[in-house]
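**Student:** For the sequence shown, the working numbering assigns the number 136 to the initial residue and increments by one for each residue that follows.
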Amino acid sequence: MPHDPTFSSGRIQEGSKASKAPFTVVRGQYSKSELVNTQSLAHSYIYDPDMPIFDLDHSANVTGLLGKTAVLNCRVRNIGNKTVSWVRHRDIHLLTVGRFSYTSDQRFTARHADESEDWLLKIHYLQKRDAGWYECQISTTPPVSHMVYLTVVEPETSILGGPDVYINSGSRLVLTCSVKYSPDPPAFIFWYHNDRLVSYDHSDSGVQVVIEKGAVSTSRLLVKVAGTRHSGTYRCDPSNSGNQSVTVHVLEGEKPAAIQHENNSATASSPPSGACCALRTTIASFTLISVLVTAILR
């Protein structure tokens with residue numbers, strides 16, 4: 136997330152008169168305590184108990200789902216006769232004032248109930264470009280603001296252990312596909328093996344699928360006894376998210392190439408056992424001949 140934008144500065148009203156004391160409101164961190172003796176900002180503040188103030192506990196950052204509706208809340212106490220506006224910060228575009236919209240983009244609407252302290256900005260049919268800072272502004276003199284950051288996420292599909300899975304023939308194969316950041320659980324999650332829909336509705340197929348739906352939905356494909364015919368590409372295809380694939384290698388009495396290469400390298404560093412025996416025999420014969428020659432010369 137980007138850093139909070141810079142400061143707003145001006146003067147605080149005291150009753151009907153403007154105080155001469157300047158003030159600085161940190162956008163996104165405004166509260167009563169910051170208006171009184173804020174030495175870190177080297178300013179003196181005069182606090183008016185009737186002035187509007189933000190309730191930060193109910194004006195938090197928001198994460199919205201692509202294509203759905205995001206609701207940004209700004210809770211203001213002691214609003215009095217002031218108004219609340221929402222401004223999109225990236226282009227300083229006025230979106231709403233009070234209950235009224237001031238943009239031609241009909242996806243943006245204002246909501247406020249009578250006697251409520253909550254001033255809502257609703258963004259319908261979320262797009263990726265909607266992500267960023269939004270400014271809730273109170274029409275004091277000068278205006279004071281609170282910043283809310285909107286994050287837009289889209290459904291994401293993943294398969295555990297990919298992109299390649301190695302198992303031995305006769306072992307159990309388990310593939311787990313997860314779908315997160317989905318506005319609703321997927322209506323279905325299909326599995327494909329080499330582009331053919333996996334059939335798991337027959338008890339004798341040896342294939343089973345277990346689906347769990349929730350904030351993160353999962354589909355587990357289980358093959359009780361895997362054989363070489365189960366090798367190939369498996370694709371997980373949810374109804375409301377992109378698909379993902381994994382390649383399964385079922386090994387018939389073999390090891391993955393990486394393991395084979397490691398073993399071959401270790402073997403190559405040692406001489407063959409036959410060569411060792413021949414070398415020992417040659418050395419022994421040479422020693423015996425040397426002893427006989429020495430005895431004859433004596």
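In this text, a Cβ means the ideal position worked out from N, Cα and C, and glycines have one as well. All of these numbers come straight from a predicted model, not from anything done at the bench.
(1) So what does DSSP say about LYS450, is it helix, strand or coil?
(2) Evaluate the contact criterion for the segment 303 to 319 versus the segment 344 to 356: three or more CB pairs, one atom per stretch, below 8 Å.
(3) Can you list, in chain order, the residues of its chain whose CB lies under 6 Å from that of LYS263, leaving out five sequence neighbours each side?
(4) Beta-carbon separation of ARG370 and SER380 under 8 Å?
(5) Measure the CB-CB distance between PRO290 and SER366 and report whether it falls below 8 Å.
(6) How should VAL345 be labelled, buried or exposed, when 16 other C-beta atoms within 10 angstroms of its C-beta is the threshold for buried?
(7) At the 8 Å Cβ level, is ASP192 part of the contact set with chain B, yes or no?
(8) Rounded to a whole number of angstroms, what is the C-alpha to C-alpha distance between THR368 and VAL360?
(9) If you run the structure through DSSP and keep just helix, strand and coil, what is ARG212?
(10) Which runs of the beta strand (DSSP E) at least 3 residues long sit entirely within the segment 316 to 390? Give them in chain order.
(11) Let me know the beta strand (DSSP E) ranges lying completely inside the segment 232 to 283, each 3 residues or longer, listed in chain order.
(12) Taking just the CA atoms, how far does SER317 sit from THR231?
(13) Pull the bridge partners of LEU310 from the DSSP assignment, please.
(14) Which residues in the same chain as ILE214 place their Cβ atom closer than 8 Å to its Cβ, once the five residues preceding and following it in sequence are excluded?
(15) Measure the beta-carbon distance from VAL300 to VAL383 and round it to whole angstroms, keeping in mind my assumption that it falls under 8 Å.
(16) Have a look at GLY341, THR276, LEU332 and flag the residue whose alpha-carbon is nearest the alpha-carbon of ASN216.
(17) Which first and last residues belong to the beta strand (DSSP E) in which ASN303 is found?
**Tutor:** In this structure, then:
(1) Missing from the structure shown is residue 450; the chain here goes from 136 to 433 and no further.
(2) yes
(3) VAL287
(4) yes
(5) no
(6) exposed
(7) Chain labels in this structure do not include chain B; a single protein chain is all it has.
(8) 17 Å
(9) strand
(10) 324 to 328, 342 to 347, 352 to 358, 367 to 373, 379 to 386
(11) 243 to 246, 253 to 258, 267 to 273
(12) 29 Å
(13) LEU356
(14) PRO187, GLU252, ILE273
(15) 5 Å
(16) THR276
(17) 299 to 303
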